[in-house]
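First comes the structure, then the notes that go with it.
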Amino acid sequence: MNIAELFNLIGDTEKMVEYYEKAKISSESAGSDKLKKIVLQCAFNALTDAKCFTKATEIQRELVNFTYLDVSESDSEDEERKQYGLHIDLDDLSDIDGAVNDEDEKRKITRTRVKPKTNLQKRNEKGETPLHLAAISGNATLVGKLIDQ
Numbered sequence: 007m008n009i010a011e012l013f014n015l016i017g018d019t020e021k022m023v024e025y026y027e028k029a030k031i032s033s034e035s036a037g038s039d040k041l042k043k044i045v046l047q048c049a050f051n052a053l054t055d056a057k058c059f060t061k062a063t064e065i066q067r068e069l070v071n072f073t074y075l076d077v078s079e080s081d082s083e084d085e086e087r088k089q090y091g092l093h094i095d096l097d098d099l100s101d102i103d104g105a106v107n108d109e110d111e112k113r114k115i116t117r118t119r120v121k122p123k124t125n126l127q128k129r130n131e132k133g134e135t136p137l138h139l140a141a142i143s144g145n146a147t148l149v150g151k152l153i154d155q
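In this note's numbering, the protein residues as written are 7 to 155.
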């Protein structure tokens, strides 16, 4: 098809028609109706641009046959397309809103303050901290926990 488009640009309509015919035959041998329809549409557009209306009307008749065949297929495909993706929440996927939300979350995270643990530094009347008291009483597990904190 690209070669046919090149001949269209050059202005050689006979070669252009020849290559579109070859592309049509190739699409038929491949068994792809969708590909054949694409070839016919490209050929029709190129022929109308080149003002070869007799050949363009022949191709348009073939295209009309394809549109009648595709109506039944497109109805079932439209129903599938309508149901496809209903479970996806677009707000979760949008990049613009997501970037703004990420920045807000980062600001919130950086603004949160860590409470200082005053329990470690609290002293009693004699000036002893809980670590001192645990060490004096011989409570090794409490001493270990206080040191880890």
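Where a beta carbon is used, it is the ideal one built from N, C-alpha and C, also for glycine. If you're wondering where the values come from, they're calculated on a predicted model, not measured in any experiment.
Query raised in the report: When the Cα of Y25 is compared with those of L53, G37, K40 and N71, which residue comes out closest?
Result: L53
Requested in this report: Could you say which of E134, N130 and A29 lies nearest to T44 if we only look at CA atoms?
Outcome: Looking at the sequence provided, one finds Ile at residue 44 rather than Thr. Ranking E134, N130 and A29 by Cα distance to I44 puts A29 first.
Report task. Just tell me which of D55, S33 and A146 has its CA closest to the CA of G17. Result -> D55
Requested in this report: Apply the 10 Å Cβ neighbour rule to F50 and answer buried if 16 or more other Cβ atoms are within range, or exposed otherwise.
Outcome: buried
Query raised in the report: Over what stretch of residues does the alpha helix (DSSP H) that includes N130 continue unbroken?
Result: Run containing N130: none; DSSP gives neither H nor E here.
Report task. Could you tell me the distance, in whole angstroms, from the CA atom of I65 to the CA atom of F59? Result -> 10 Å
Report task. Report the three-state DSSP secondary structure of D39 (helix, strand or coil). Result -> helix
**Report entry** T135 in three-state terms, based on DSSP
**Finding:** coil
**Report entry** Endpoints, the alpha helix (DSSP H) within which K57 is located
**Finding:** Where K57 is concerned, there is no enclosing alpha helix (DSSP H), given that its DSSP letter is neither H nor E.
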